[in-house]
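Right, one structure below, let's go through it.
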Amino acid sequence: MIIHFVKDEKIIDQIIENFLLVSQHNVFLVFSNDDTGNFKHISFNDEAIIKAYNIKRDDINEVLIMNEAQAIVLHSLDYLFTKVIDKINIDIRIAWIAWGFEIYMHPKNRRNLYAKKTKQFLIQKRPLVLLKWHLTKWNYLRFVTNNVLNLTNSYIDLQEKSFKRIHFLATYIYEDYVFFKNLFPHTNLSYHEVAFSTIHQYLAGTKDLKIDGKARNILVGNSNSLESNYLDAIDVLYGVKETGTIYFVLSYGNDPGHSRAVLKKGKKKLKGRFHPLLNFLDRAEYIKILQSCSVGIFYHFRQQAMGNIIAMLYMGARVYLSTKNPAYLYFKRSGIAIFNIENDFEIYGNRTLEVHEQILNREKLEQMFSREKVIGDLYSLTMALLN
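The sequence shown maps to residues 1455 to 1841 in our numbering.
As structure tokens, this is what we get:
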């Protein structure tokens, strides 16, 4: 039996569905304080497969023994997962399907995630943030701050301790693995290529979606987070005059100070073209907005918003990423028509992607995230864990 550590997230339903296509010998432990099994996002209700796990009450070793566990799959390296991994006292193979934040948000890299204007805002808002990152960057400094000054929590230590127990880092983005190994060269995790969602799932079941023929709007980012570098993206867009509406996604995330700064600067510089998305939209409304956008801009310096990026590429939009984003290298290596903010935006702006490039991207993505590819990758990971 393979035991999965998951949280109650929207994406988990499709992950459960895909793993069960490979084998019925999977149990998903949903880390939750709700023992009723009434989850907000997970719709599967088979108690033989889906089980609530209460970290304060349940003993992970008893759970593993009771379920005859042969391996564990971590869906992200969440803080609670690291606490439980630290308590496992049996020898068991572990795979970590990386979501990105666990790698790029580490103090060793955190200061590299922000463009100039965003970093200035962050330092002004939190003057001690650079000191905190420095104090948590190295093991010996963390020891002092944890045990003497009591300034930081133990997540980073538990995370790095978990690396010693994990056998595979599983992701479809090899560049994530390379980045991880550069940050932690002494770890022994092996890379395992795994695409875990199909293109049909990325498009929420509507495979024939395309941008409108007269689309000229722009979508920027995917969340109200500093890592979106919105304050810098506004400057990039300031010189582009012939656009329709410029949408900034601010409905996800919880940083009201950052949101206020983006609203103020966006209204001042982009005038009537600036349109913040402040409230959650239902799927039909959001799809309608995506179809009106000929361009997507994601100014992250880390792998983030892959669902939105893949959907927009498939729909035929011209997508810009930063050259500092490993996902940009991933798409270029994969033969996708992708563009960079630093150089290409000045050349192409909000020009609609050429038809042959739209067709190329659709064909490539259908291969990269086909049902057969996803099932094959998950089968390969399963065999690696069990053999």
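Beta carbons: idealized from backbone N, C-alpha and C, even for Gly.
* **Bridge partners - tyrosine 1645, DSSP secondary structure assignment** => Leu1623
* C-beta contact flag for tyrosine 1774 and asparagine 1794 at 8 Å -> yes
* Going by beta carbon distance, what residues of the same chain come within less than 8 Å of histidine 1495, once the five residues before and after it are set aside? -> Asp1462, Glu1463, Lys1464, Ile1466, Asp1467
* Separation of glycine 1675 from alanine 1759, as counted between CA atoms -> 8 Å
* **Secondary structure of isoleucine 1741, DSSP reduced to three states** => In this structure, isoleucine 1741 counts as helix in the three-state DSSP scheme.
* Relative to the alpha-carbon of methionine 1520, which residue among Ser1497, Lys1537, Ile1544, Tyr1533 has its alpha-carbon at the smallest distance? -> Ile1544
* Asked: So what does DSSP say about histidine 1729, is it helix, strand or coil?
  -> strand
* For glycine 1750, does the count of other Cβ atoms within 10 angstroms reach 16, so buried, or fall short, so exposed? -> buried
* Asked: Exposed or buried, which one is proline 1710 when buried takes at least 16 other CB atoms within 10 Å?
  -> exposed
* Using the Cα positions of lysine 1571 and glutamate 1739, report the straight-line distance between them to the nearest angstrom. => 31 Å
* **Among His1529, Ile1539, Ile1672, Tyr1533, the one whose alpha carbon lies nearest that of valine 1517** => Ile1539
* **DSSP bridge partner residues for tryptophan 1553 (one or two, in chain order)** => Bridge partners of tryptophan 1553: none, in fact.
* Going by Cα to Cα distance, which pick from Phe1485, Pro1730, Ser1497 is closest to alanine 1506? -> For the residues Phe1485, Pro1730, Ser1497, the minimum Cα distance to alanine 1506 belongs to Phe1485.
* Asked: Counting pairs of Cβ atoms below 8 Å between the stretch 1689 to 1701 and the stretch 1713 to 1730, do you hit three or more?
  -> yes
* Tell me whether threonine 1606 sits in a helix, a strand or coil according to DSSP, three-state version. => The pLDDT assigned to threonine 1606 is 49, lower than 50, so where the model puts this residue is not dependable, and the model offers no usable value.
* Asked: With burial defined as no fewer than 16 other Cβ atoms inside 10 Å of the residue's Cβ, what is the status of methionine 1559: buried or exposed?
  -> exposed
* Asked: So which of Lys1618, Ile1743, Tyr1568 has the shortest CA-CA distance to alanine 1687?
  -> Tyr1568
* Asked: Roughly how many whole angstroms lie between the Cα atoms of histidine 1529 and tyrosine 1692?
  -> 39 Å
* Between the C-alpha atoms of alanine 1502 and tyrosine 1631, what's the straight-line distance to the nearest angstrom? -> So the alpha carbons of these two residues sit roughly 33 Å apart.
* **Span separating the alpha-carbon of tyrosine 1684 from that of serine 1477** => 43 Å
* **For arginine 1547, the three-state DSSP class (helix, strand or coil)** => strand
* Thinking just about the alpha-carbon of each residue, which of Asp1662, Lys1510, Leu1819 is nearest to the one in arginine 1787? -> Leu1819
* To do: Taking the CB atoms as reference points, tell me whether isoleucine 1741 and phenylalanine 1634 lie closer together than 8 Å.
  => no
* List in chain order: all unbroken alpha helix (DSSP H) runs of 4+ residues lying wholly within the stretch 1644 to 1714. => 1653 to 1656, 1684 to 1692
* Status (buried if at least 16 other CB within 10 Å, exposed otherwise) for asparagine 1636 -> Classification for asparagine 1636: exposed.
* Count the other CB atoms within 10 Å of the CB of aspartate 1831; is the residue buried (16 or more) or exposed (fewer)? -> buried
* Asked: Thinking C-beta only, is lysine 1778 closer than 8 Å to phenylalanine 1755?
  -> yes
* Asked: By Cβ distance below 7 Å, which residues in the same chain neighbour arginine 1816 in space, the five residues on each side in sequence not counted?
  -> Tyr1768
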